[in-house]
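I have placed the structure first, in the form of structure tokens, so that the comments after it can refer back to it.
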Amino acid sequence: MVNQLNLLNSTIDIESILKKSIKFLIELNDTDLKILETLYEVGPRNILKICKITKIPKSTVYNRLGKLRSMGISIEPVIIASKIGLSRVFAIVDAYPGRLIQAYNALARSLWAYKIALTYEPKGKIFVKFYMPYNNNEVLNKFLTRMQKLRLIKRYKLYEVHEELYCLRVNRKYVDANKLLTLPWNEWYEHMVRNRFSAMENVLPINILKNPIFAQEADSIDIKIIERLQINAFKTYVELGKELNLSPTTIRHHYIKHITGKGIIVKYVPRIMLFHPSYSKILVGILSFTSERTMLGFLNTLWNSPILGRFSKVLHDNSVVITLIVPKSEELRLLTFLELLTKENIIHNYELYPVILSSLSSWTIPAELFNNGSWLIRWDLMVKGIKEAMSKHIRVPLTYRV
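Just remember that the numbering used here sits 109 ahead of the position in the sequence shown, which is counted from 1.
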């Protein structure tokens with residue numbers, strides 16, 4: 110009989126990332142911070158541009174990047190999924206009592222999940238972020254309805270969303286001389302209230318008010334490279350070439366001409382937990398705003414702040430699916446902050462849930478499902494995943510989907 114507490118392993122080792130980020134925060138200095146801030150804009154392969162922006166010598170930049178890699182710090186690319194024919198969908202799922210872990214495992218085996226987590230307040234909720242081939246979102250409804258009929262889940266709600274933006278940058282503005290992070294709640298609040306009726310500078314990397322335009326601008330080599338970069342974008346052309354059995358020249362061509370040249374990857378984010386995970390809360394949920402202007406004011410104010418992890422705008426609505434990360438000591442201030450913004454008619458409503466950190470799993474795009482320029486749905490494998498999650502005869506949980 111399967112030990113249902115052994116949740117599926119994700120492609121991206123979240124637990125390892127958290128442990129290594131704490132070590133990094135202890136050892137970081139001002140030079141490291143400058144390089145990390147620049148990595149967000151130019152990525153890890155353009156050392157000359159990093160030197161030009163930071164005015165740090167090439168040898169120092171090269172050595173510092175090597176230090177970051179040796180410490181186990183990885184980098185996540187910000188991918189414009191619509192340019193590779195994928196839409197993004199967020200789901201809030203309520204499981205039946207006693208079926209929570211089975212439901213979690215079934216969703217994780219669904220092929221198209223790229224991030225999943227459990228909550229304990231209230232119990233029985235699962236948050237899932239999906240990729241889905243464009244114009245095939247009805248497959249998710251069909252899949253979740255199947256889980257309902259099997260009494261794995263009671264109900265679910267789907268939100269089709271814009272591109273997901275990761276904004277948890279290591280920003281020197283919030284780090285003092287003692288390497289302590291400060292959270293200026295009053296400053297953020299005053300800025301939003303003061304500017305809600307006036308034009309505010311837009312610092313977001315894409316226009317989230319314009320619906321994504323779906324296209325297929327990548328070939329099979331591009332997709333395989335993107336998948337590897339999702340695991341760790343620090344990888345060099347030589348390393349990627351060895352993994353994919355291609356020459357570094359070929360990798361470089363696809364990366365420059367296709368992946369970045371066509372805007373499929375637009376930014377990079379070092380995976381670093383800015384607050385110690387043992388003393389932090391990760392909150393996932395929905396924030397609804399009174400208008401487009403107040404929504405943009407909120408996001409632009411908190412962009413690059415230590416608390417805004419990632420977000421996606423819900424299509425055709427002034428709401429965002431959001432991840433907030435705060436120290437437990439700041440929970441009351443966050444609640445007060447949200448309540449004051451609601452009172453000021455900036456936020457219309459908010460619904461946030463703390464996730465169980467050890468349940469957070471993340472995967473790459475399923476490159477093995479990209480064939481002849483299009484994505485395969487593989488409904489048969491999705492159904493098989495449900496059966497495997499419910500089976501009493503599995504002895505070892507899967508480590509990957511297919």
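Cβ coordinates follow ideal geometry from the N, Cα and C atoms, glycine included.
Computed from a predicted model, the values in this text were never measured in an experiment.
Note to self: Once the 5 residues before and after Arg-173 are set aside, which same chain residues still bring their CB inside 7 Å of it?
What the structure shows: The residue you call residue 173 lines up with position 64 of the sequence shown. Thr-140, Asp-141, Ile-144.
Checklist line | Collapsed DSSP secondary structure at Trp-297 in the structure displayed | finding: In the sequence shown, counting from the first residue as 1, residue 297 sits at position 188. In the three-state scheme derived from DSSP, where H, G and I count as helix and E and B as strand, Trp-297 is classed as helix.
Notebook entry, point to check: Thr-445: buried (16+ other C-beta within 10 angstroms of its C-beta) or exposed?
Noted result: For the purposes of this step, residue 445 is taken as the residue at position 336 of the sequence shown. Thr-445 is exposed by the Cβ-count criterion.
Margin query: Suppose you measure from the CA of Val-248 to the CA of Val-270; what does that come to, to the nearest Å?
Written below: Residue numbering aside, residue 248 sits at position 139 when the sequence shown is read from its first letter. Residue numbering aside, residue 270 sits at position 161 when the sequence shown is read from its first letter. Rounded to the nearest whole angstrom, the C-alpha separation of Val-248 and Val-270 is 16 Å.
Checklist line | Status (buried if at least 16 other CB within 10 Å, exposed otherwise) for Arg-264 | finding: Residue mapping note: residue 264 aligns to position 155 of the sequence shown, counting from 1. By the beta-carbon neighbour count (other beta carbons within 10 angstroms, threshold 16), Arg-264 is exposed.
Next item on the list: With a 10 Å radius around its C-beta and 16 neighbouring C-beta atoms as the bar for buried, classify Ser-219 as buried or exposed.
Entry: Sequence index remark: in the sequence shown, residue 219 carries index 110 (1-based). Residue burial annotation: Ser-219 is buried, with at least 16 other C-beta atoms found within 10 angstroms of its C-beta.
Margin query: On the DSSP bridge list, what partners appear for Leu-227?
Written below: Counting from 1 along the sequence shown, the entry for residue 227 is found at position 118. In the DSSP assignment, Leu-227 forms a beta bridge with Ile-235.
Item checked: Best match in Ile-262, Ile-474, Phe-398, Ser-400 for proximity to Ile-210 [C-alpha to C-alpha] -> The residue given as residue 210 occupies position 101 in the sequence shown. Shortest Cα-Cα distance from Ile-210 to any of Ile-262, Ile-474, Phe-398, Ser-400 involves Ile-262.
Notebook entry, point to check: For Trp-472, which of helix, strand or coil comes out of DSSP?
Noted result: Residue numbering aside, residue 472 sits at position 363 when the sequence shown is read from its first letter. Coil at Trp-472, not helix or strand.
Check: Do you know offhand how far Met-74's Cα is from Ala-327's?
Finding: Residue 74 lies beyond the stretch modelled for the chain, which goes from 110 to 511, so this question has no answer here.
Check: How about the region 377-395 and the region 161-168: do they share at least three Cβ pairs that are nearer than 8 Å?
Finding: Segment contact: the region 377-395 against the region 161-168, fewer than three CB-CB distances shorter than 8 Å; contact not assigned.
Next item on the list: Would you list the one or two residues that DSSP bridges to Trp-484?
Entry: Against the sequence shown, residue 484 aligns to sequence position 375. DSSP lists Phe-479 as partners of Trp-484.
Next item on the list: Would you grab the beta carbon distance between Met-513 and Ser-179 for me? Rounded to a whole angstrom, and I think it's under 8 Å.
Entry: Because residue 513 is not part of the residues shown, which for the chain are 110 to 511, the question remains open.
Check: Using the C-alpha atoms, what's the distance from Ile-373 back to Lys-366?
Finding: The residue labelled residue 366 in the question sits at position 257 within the sequence shown. The residue labelled residue 373 in the question sits at position 264 within the sequence shown. Cα to Cα, the separation comes out at about 11 Å.
Check: Roughly how many angstroms lie between the CA atoms of Ile-340 and Glu-185, to the nearest whole one?
Finding: Sequence index remark: in the sequence shown, residue 340 carries index 231 (1-based). Sequence index remark: in the sequence shown, residue 185 carries index 76 (1-based). Going from the Cα of Ile-340 to the Cα of Glu-185 covers about 7 Å.
Check: What distance in whole Å lies between the Cβ atoms of Phe-199 and Val-430, which are believed to be in contact at a cut-off of 8 Å?
Finding: Start at 1 with the first residue of the sequence shown, and residue 430 comes out as number 321. Start at 1 with the first residue of the sequence shown, and residue 199 comes out as number 90. Approximately 5 Å separates the beta-carbon atoms of Val-430 and Phe-199; this is inside 8 Å, confirming the contact.
Notebook entry, point to check: When you compare each of Ala-476, Ile-465, Val-423 to Asn-320 by their alpha carbons, which one comes out closest?
Noted result: Position 211 of the sequence shown holds residue 320. Asn-320 has its Cα closest to that of Val-423, out of Ala-476, Ile-465, Val-423.
Margin query: Can you list, in chain order, the residues of its chain with a C-beta nearer than 8 Å to that of Asn-311? Leave out the 5 residues immediately preceding and following it.
Written below: For this step, residue 311 is matched to residue 202 along the sequence shown. Leaving aside the five residues that flank Asn-311 on each side, the residues in its chain whose CB is nearer than 8 Å to its CB run, in chain order, Leu-405, Asn-409.
Margin query: Whole angstroms are fine: how far does the CA of Lys-371 sit from the CA of Lys-351?
Written below: Position 242 of the sequence shown, counted from the start, is the residue given in the question as residue 351. Position 262 of the sequence shown, counted from the start, is the residue given in the question as residue 371. The alpha-carbon separation between Lys-351 and Lys-371 amounts to approximately 24 Å.
Checklist line | Ser-468 versus Ile-235, Leu-353, Glu-497, residue with shortest Cα-Cα distance | finding: The residue given as residue 468 occupies position 359 in the sequence shown. If we check each option's Cα against that of Ser-468, Ile-235 comes out closest.
Next item on the list: Reducing DSSP to helix, strand and coil, say where Ser-500 ends up.
Entry: Counted from its first residue, the sequence shown places residue 500 at position 391. If DSSP states are grouped into helix, strand and coil, Ser-500 belongs with coil.
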